[in-house]
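J.: The UniProt record's numbering puts the first residue of the sequence shown at 1, with every later residue one more than the last.
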Amino acid sequence: MSHDTTSMRPHRFRPAGALKGRIRVPGDKSISHRSIMLGALAVGETRVTGLLEGEDVLATAAAMRAMGAQVERTGDGAWSVHGVGVGALLQPQGPLDMGNSGTSTRLLMGLVASHPITATFVGDASLSKRPMGRVIDPLSTMGASFEATVSPKGSQTLPLILKGAYPAVPIRYRLPMASAQVKSAILLAGLNTPGITTVVEPIPTRDHSERMLRGFGADLSVETDADGARVISIRGEAELKPQTIEVPGDPSSAAFFIVAALVVPGSEVLIENVGLNPTRAGIVEVLRQMGGSIEELNPREVGGEPVADLLVRHSALKGIAIDPSIVPSMVDEFPALFVAAALADGVTTTTGLEELRVKESDRISVMAAALCAAGATVIEQEDGLVITGTGGEPLAGTAGAIATHLDHRIAMSMAVAGLVSRTGVEVDDVRPIATSFPTFQSMLEGLGA
1 MSHDTTSMRP HRFRPAGALK GRIRVPGDKS ISHRSIMLGA LAVGETRVTG LLEGEDVLAT
61 AAAMRAMGAQ VERTGDGAWS VHGVGVGALL QPQGPLDMGN SGTSTRLLMG LVASHPITAT
121 FVGDASLSKR PMGRVIDPLS TMGASFEATV SPKGSQTLPL ILKGAYPAVP IRYRLPMASA
181 QVKSAILLAG LNTPGITTVV EPIPTRDHSE RMLRGFGADL SVETDADGAR VISIRGEAEL
241 KPQTIEVPGD PSSAAFFIVA ALVVPGSEVL IENVGLNPTR AGIVEVLRQM GGSIEELNPR
301 EVGGEPVADL LVRHSALKGI AIDPSIVPSM VDEFPALFVA AALADGVTTT TGLEELRVKE
361 SDRISVMAAA LCAAGATVIE QEDGLVITGT GGEPLAGTAG AIATHLDHRI AMSMAVAGLV
421 SRTGVEVDDV RPIATSFPTF QSMLEGLGA
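1) Can you check DSSP and say which residues form a bridge with residue 306?
2) Does DSSP put residue 11 in a helix, in a strand, or in coil?
3) Skipping 5 residues on each side, what residues in its chain have a beta carbon closer than 8 Å to that of residue 187?
4) Buried or exposed: which applies to residue 150, given that a residue is buried once 16 or more other Cβ atoms fall within 10 Å of its Cβ?
5) Which runs of the beta strand (DSSP E), 3 residues or longer, sit entirely within the region 380-417?
6) What residues in its chain sit with their C-beta under 7 Å from that of residue 328, if we drop five residues either side in the sequence?
7) Given a threshold of 16 other Cβ atoms within 10 Å of its Cβ, counted over all protein chains shown, does residue 41 qualify as buried or as exposed?
8) Residue 337: which of 296, 170, 410 sits nearest, CA to CA?
9) Grab me the residues of residue 281's own chain with a C-beta within less than 6 Å of its C-beta, minus the 5 sequence neighbours each way, in chain order.
10) Taking the continuous beta strand (DSSP E) assigned at residue 232, which residues delimit it?
11) Output yes or no for whether 8 Å exceeds the beta carbon distance between residue 309 and residue 317.
12) What's the gap between the Cα of residue 450 and the Cα of residue 387?
13) Which residues in the same chain as residue 449 place their Cβ atom closer than 7 Å to its Cβ, once the five residues preceding and following it in sequence are excluded?
14) Can you check the region 117-197 for any beta strand (DSSP E) of at least 3 residues that lies completely inside it and give the ranges in chain order?
15) Buried or exposed: which applies to residue 21, given that a residue is buried once 16 or more other Cβ atoms fall within 10 Å of its Cβ?
16) First and last residue of the beta strand (DSSP E) that includes residue 24?
17) Which residues in the same chain as residue 106 place their Cβ atom closer than 6 Å to its Cβ, once the five residues preceding and following it in sequence are excluded?
18) Enumerate, from N- to C-terminal direction, the unbroken alpha helix (DSSP H) stretches of 4 or more residues contained entirely within the region 241-290.
19) Less than 8 Å between the CB atoms is what I'm expecting for residue 83 and residue 39, so what's the real figure, rounded?
20) Please go through the same chain and pick out, in chain order, the residues whose beta-carbon is closer than 6 Å to the beta-carbon of residue 242, but skip the five residues on each side of it.
21) So what's residue 61 in DSSP terms, helix, strand or just coil?
22) Looking at residue 421 and residue 394, is the spacing between their C-beta atoms short of 8 Å?
23) Along the beta strand (DSSP E) that carries residue 220, what are the first and last residues, could you check?
24) Straight-line CA distance for residue 290 to residue 332?
25) Specify the secondary structure class of residue 102 as computed by DSSP and reduced to three states.
26) Who are the Cβ neighbours of residue 140 in its own chain at under 8 Å, not counting the five residues just before and after it?
27) Do residue 216 and residue 158 have their C-beta atoms within less than 8 Å of each other?
28) Could you compute how far the alpha carbon of residue 267 sits from the alpha carbon of residue 258?
29) Quick one: what's got a C-beta closer than 7 Å to residue 288's C-beta in the same chain, skipping five residues either side?
30) Can you give me the Cβ contacts of residue 9 inside the same chain, cut-off strictly under 7 Å, excluding the 5 residues immediately before and after it?
31) Starting from residue 48, trace the beta strand (DSSP E) in both directions and tell me its first and last residue.
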């Protein structure tokens, strides 16, 4: 996606009436990425329905094609992946363009690290600022070698060249930070590494990789050690079996509509088929603690993942101090939560959010500036925000456009803020929304916004 400023698409999101109706958000991005990657490593055809067809996932599909897998959309809207088998990835003929997707990049670095191939990873301006050292360190220990760009701040970034190790060396690695991407990269590298590769996770993060690796037939175990850390072990040189996967709705995408329905007076929205994996659904728990009415209907399990329909009604929210232990289960949803906090009654305090500073943008600083521009009362701290809400009164709105810094979640969060403002909120560029949620604006308009 081109991010030159000449073709930026500003848009003002204006206040509207109550949001009413039922929607189905796009498929979960984490599960979509992994279904294509693991399908490409299984021998035979994996079929995927409900795949998120955003630019990030399409970048993963293109990368797997470049390494020999057949990945195509079928006439019925499903996706077919014909895999090459673990250990059989082919040398890509050109650079792997990851666009804006940090997940694709870090997970694919893990996949390539234990294969006898060399790959060049490139990305857009935003992705090229994101730190890759956290993945490079453990993968280097397994034997892979890297030539990375060094940023002005000294961190290792894209573009980078990765030379895989074959055979790679199994390791036992204790995660220095809570990161599902680092954990997943090591486990994916372990797939083609002789012996047992182990990740020790002191703070639990989203467990889609573990669930899906098992589902594809990998020999993977999860135990808890004496200190309460999760110990995840995978036996290498695995043979993966193709699967039929139905991707549940993405809770990160649902979060914007949950918050919108809670804060826009008179709203009642049914969001169908939302994935409620406990390692991902922290936003629902926190919004309920703030007084939000979020009812789970038709709870069920799809492909090992808990799913339900969520009925969300306008609620009088109250500010709370958010327990930092819940951060890993909602790390991507904080921009949306900050908007809810700005309209709640009282003070909401968030801490332990250092990870937000190295996302597509510095989401602590960017959201603080954006909300202040819209009339909210926000104090930025090193590891979070302190937000004093309006008690349900509309925000003033923005005079000019707020800077989204090419970050899709900033754009969508401030779109929601615009619905509960006096004059609307203008974002400088809506194009990045296509990376994760191409139908966001039309869905919002369909509910009456």
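Every residue, glycine too, gets a C-beta built ideally from N, C-alpha and C. All values reported here derive from a predicted model rather than from experimental measurement.
T.: With the structure as the only source:
1) 301
2) Of the three classes helix, strand and coil, the one that applies to residue 11 here is strand, per DSSP.
3) Within the same chain, residue 187 has close Cβ partners 110, 197, 199, 209, 210, 213, 220, 232, 234.
4) exposed
5) 384-388
6) 178, 203, 204, 205
7) buried
8) 410
9) 251
10) 230-235
11) no
12) Summary: the structure shown does not reach residue 450, with the chain confined to residues 1 through 449, and so no result is reported for it.
13) 16, 19, 419
14) 118-122, 145-150, 156-163, 172-174
15) A residue is called buried once 16 or more other Cβ atoms fall within 10 Å of its Cβ, and residue 21, having fewer, is exposed.
16) 20-24
17) 135, 181, 185, listed in sequence order.
18) 251-263, 282-289
19) Beta-carbon to beta-carbon, residue 83 and residue 39 are separated by about 6 Å, close enough to satisfy the 8 Å threshold.
20) 42, 44, 45, 46
21) Three-state DSSP puts residue 61 in a helix.
22) yes
23) Residue range 220-224 is occupied by the beta strand (DSSP E) that includes residue 220.
24) Their Cα atoms are separated by approximately 18 Å.
25) helix
26) 146
27) Going by C-beta atoms, residue 216 is not nearer than 8 Å to residue 158.
28) 10 Å
29) 294
30) So the list reads 429, 430, 431, once near-sequence residues are dropped.
31) Its beta strand (DSSP E) spans residues 43-49.
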